[in-house]
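Engineer:
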Amino acid sequence: MPVYRFHAATLLLATLAPVPAASRMPAYETEPVLGATTLVQPALMSGPGFEVDPHVEIRGYMAHFTLDTPVGPLQAESVEILADRVAELPALEALAKLSQSDAFLGVASDSARHTARGIGQALRHPIATLKGIPAGVARYFGKRIGKIGRQAQSLSDRTAREFGSDGNPYPRADGPMTEARDIDREEAAANDPGGGKAWYERAGAEAGRELKRQVKYGQVRRELAERLGIDPYTSNPYLSERLDQLAWAGSGGHFAASAAIGSIGGAGGLAVAYSGRLNEIVWKLDPGQIRERNARVLNRHCRDALLMREFLRRGVFTPTLQTALVDALDALQPHAGGDALLELAMSAHSELEARYLVNSLELIVDRLGPRAHGGSLLIVGAGLAYDSNDGERLLPLPVDYLAWTDDVAEFIGRDEFRDPRKTVAITGTATPRSLRELTDRGWSIETGLRGSQGHLALAGADRSCRPGAG
């Protein structure tokens, strides 16, 4: 009996005593290192000429993969980019063979290759790598971005607008001295074997010829990319370098582009992961023509002309990603929010962040369909949400792995998400803790949604959870 009372007392004390800190559930989750097979299907793990490291670090809600390939290691910052890199491998192999052909080696000197690399960097949309930027897409779960507005206006834009010079910093005004200057030029031309052209004018003519070659370079590069079925503005460093080499050689006229393309036997459409995702205009039109086309579409949904210009000419969106965002916006047909979307897009610091916004819009289109028409885009903190035309608030989260971090908890707890009719759509998967916390807050949840982002779906995909569901 005394023993029983001892045990009972001990149990009572154990029940009433504070739980040791080590055994309590932590307030928030940390992002883990996972097995890659928990995120992607086996087809993306290994195959002819490649193997993926089985350990995957989650950074900013996106999975970071490392591929071992014959040309060297490749990094992929998301499941989507992993699928792109795997799909690009046959194209990379085909271009590697072509670059070793006698026809190419006969004209491609080291200097030409270096020049090609430099020209490629100049013609393709710049993608900056900045220090201090949050990993993955964590920034979109933060606080509201500052408005760009007129602060984004460049000095050259302001100067042209104020002085009406149309890009000429020294507009010429006719006056009593200009006629004399014209006479002096005529006399000099009569005695100049160079045809009266100043050295800088002759240099300008040379620059004009170089510009024409660069235009041809872009055309050849896009033709090669179309033949291979890949993005001409791919960020794959090995593939981009091969495209640069071949396009530069072809643009010089010593290496026929048609012969180069024709020699890639059976290579058409190799990058199946891009199938149905690339708008063919990225192959057919040059970047300037793409900007003009996209500007016409944006005019239907945005009002701020300066903001549209900034988005189309600056930032990290390649012509491919820019077109994808514009097409998705046009498919939504929102009643409001176009300018807010462009401001958010201008804040993107990396290709991964740009893809996140494109995928968010595509996820809304896939999820709502016609219910999106006439709805509204909303900027919530630094993230994006959408109100459908029948009153549902949709939060698209195109992430690979959602953990219940302090940033996510604060973001989900915002006043904008107090509406009872709300749904969160997640392309990847979420931790059990995240699902529980979201359900407790009244969210309907859909996970494993890849939609038009394509690629191989998650293992065990397509699960849904709604408040009150078992």
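Heads up: the sequence shown is residues 5 to 474, going by my numbering. Cβ coordinates follow ideal geometry from the N, Cα and C atoms, glycine included. Since the model is a prediction, treat every value here as computed from it, not as a measurement.
#1: Have a look at Leu453, Val369 and His68 and flag the residue whose alpha-carbon is nearest the alpha-carbon of Pro338.
#2: Within the present structure, is the beta-carbon of Tyr144 separated from the nearest heavy atom of the ligand GTP by less than 7 Å?
#3: Arg226 to Pro236, Cα distance in whole Å?
#4: When the Cα atoms are used, what is the spatial distance from Val384 to Phe315?
#5: Out of Ala376, Ile285 and Glu396, which has the shortest C-alpha to C-alpha gap to Ala335?
#6: Here's a check: name, in chain order, each residue in its chain whose Cβ is nearer than 6 Å to the Cβ of Glu35, leaving out the five neighbours to either side.
#7: Measure the C-alpha to C-alpha separation of Gly387 and Leu401 and round it to an integer number of angstroms.
#8: Got a sec, what are the start and stop residues for the beta strand (DSSP E) Leu388 sits in?
#9: In this structure, how does DSSP classify Ile449 when only helix, strand and coil are distinguished?
#10: Relative to the C-alpha of Glu347, which residue among Asp331, Phe321 and Glu366 is closest?
#11: Is the region 70-78 touching the region 434-452 in the sense that three or more CB pairs, one from each, lie closer than 8 Å?
#12: Between the C-alpha atoms of Gly146 and Ala352, what's the straight-line distance to the nearest angstrom?
#13: Within the same chain, show all residues whose beta-carbon is closer than 7 Å to that of Leu325, passing over the 5 residues directly before and after it, in chain order.
#14: Following the continuous beta strand (DSSP E) through Met66, name the residue where it begins and the one where it ends.
#15: In this structure, how does DSSP classify Thr431 when only helix, strand and coil are distinguished?
#16: Tell me where the alpha helix (DSSP H) around Phe315 begins and ends.
#17: For the beta strand (DSSP E) that Ala486 lies in, which residues bound it at each end?
#18: Is it buried or exposed for Pro175, if we count other Cβ within 10 angstroms and need 16 for buried?
#19: Within 10 Å of its beta-carbon, does Glu55 have 16 or more other beta-carbons around it, so buried, or fewer, so exposed?
#20: For the region 426-434 and the region 443-452, state whether three or more C-beta atom pairs, one from each stretch, are separated by less than 8 Å.
#21: On the DSSP bridge list, what partners appear for Arg397?
#22: So, for Gly342: in the same chain, excluding its five sequence neighbours on each side, which residues have a beta-carbon less than 8 Å away from its beta-carbon?
#23: Kindly indicate which three-state DSSP category Ala340 falls into: helix, strand or coil?
#24: Exposed or buried, what is Lys426 when buried is set at 16 or more other beta-carbons lying within 10 Å of its beta-carbon?
#25: Go through its chain and collect everything with a Cβ distance to Ala299's Cβ below 7 Å, but skip five positions before and after it.
#26: Among the residues of its own chain, which have a CB less than 8 Å from the CB of Pro58, if the five just before and after it don't count?
#27: What three-state label does DSSP hand Leu382 in the structure shown?
#28: Roughly how many whole angstroms lie between the Cα atoms of Val60 and Val403?
#29: If contacts are defined as beta-carbon pairs under 8 Å, then Glu81 and Leu356 qualify, I think. What distance do you get, rounded to the angstrom?
#30: Just to check my reading of the structure: Arg246 and Leu99 have Cβ atoms closer than 8 Å, yes? What is that Cβ distance to the nearest angstrom?
#31: Could you pull the start and end residues of the beta strand (DSSP E) that Val403 belongs to?
#32: Under 6 Å Cβ to Cβ from Leu367, same chain only, skipping five residues before and after it: list those, please.
#33: Please list the terminal residues of the continuous alpha helix (DSSP H) segment that includes Glu355.
#34: Give the secondary structure of Phe54 by DSSP, where H, G and I count as helix, E and B as strand, and everything else as coil.
#35: Could you spell out the range, first to last residue, of the alpha helix (DSSP H) harbouring Leu247?
Structural biologist: Inspection of the coordinates gives the following:
#1: Looking at the Cα atoms, Val369 is the closest of the given residues.
#2: What this structure holds is no ligand at all, so the ligand GTP is not there to describe.
#3: Near 6 Å, if we compare the C-alpha coordinates of Pro236 and Arg226.
#4: Their backbone Cα atoms lie some 20 Å apart in a straight line.
#5: When C-alpha distances from Ala335 are compared across Ala376, Ile285 and Glu396, the shortest belongs to Ala376.
#6: Cβ neighbours of Glu35 beyond the five flanking positions: Ile62 and Ala407.
#7: Distance from the CA of Gly387 to the CA of Leu401, rounded to the nearest whole angstrom, comes to 9 Å.
#8: Counting along the chain, the beta strand (DSSP E) containing Leu388 begins and ends at Gly387 to Asp391.
#9: Three-state DSSP puts Ile449 in a strand.
#10: Checking every option, the nearest Cα to that of Glu347 belongs to Phe321.
#11: Here the region 434-452 makes no contact with the region 70-78; the two share fewer than three CB pairs at distances below 8 Å.
#12: Those two C-alpha atoms are separated by around 13 Å.
#13: Ala358, Arg359 and Val362.
#14: From DSSP, the beta strand (DSSP E) with Met66 extends over Met66 to Thr73.
#15: Thr431: coil per DSSP, three-state reduction.
#16: Its alpha helix (DSSP H) spans residues Ala309 to Arg317.
#17: The structure shown does not extend to residue 486, since the chain is modelled only from 5 to 474, so the question has no answer here.
#18: With a pLDDT of only 41 at Pro175, under 50, the local geometry of the prediction cannot be trusted, and no value is derived from it.
#19: The Cβ neighbour count for Glu55, taken over all protein chains shown within 10 Å, is under 16; the residue is labelled exposed.
#20: Yes, since at least three Cβ pairs between the region 426-434 and the region 443-452 fall closer than 8 Å, the two stretches touch.
#21: Beta-bridge pairing links Arg397 to Asp391 and Lys426.
#22: Listed in chain order, the non-local C-beta contacts of Gly342 below 8 Å within the same chain comprise Leu302, His305, Cys306, Arg307, Leu333 and Leu381, local neighbours out to five positions each way being set aside.
#23: If DSSP states are grouped into helix, strand and coil, Ala340 belongs with the strands.
#24: With 16 or more other Cβ atoms within 10 Å, it is buried.
#25: If we look at Ala299 and ignore the five residues flanking it on each side, its Cβ neighbours are Met312 and Leu316.
#26: So the qualifying residues of the chain are Gly39, Ala40, Thr41 and Met49.
#27: Note: Leu382 maps to strand in three-state DSSP.
#28: Spanning the alpha carbons of Val60 and Val403 requires a straight line of approximately 14 Å.
#29: With a Cβ gap of about 5 Å, Glu81 and Leu356 count as contacting.
#30: So it is a contact: roughly 4 Å between Cβ atoms.
#31: Taken as a continuous stretch (DSSP letters only), Val403 belongs to no beta strand (DSSP E), as it is neither H nor E.
#32: Answer for Leu367: Pro400, Pro402, Ala429 and Gly455, listed in chain order.
#33: Note, Glu355: alpha helix (DSSP H), Glu355 to Leu372.
#34: Residue state, collapsed to three classes: strand.
#35: Counted as a single uninterrupted DSSP element, the alpha helix (DSSP H) harbouring Leu247 occupies residues Pro241 to Ser255.
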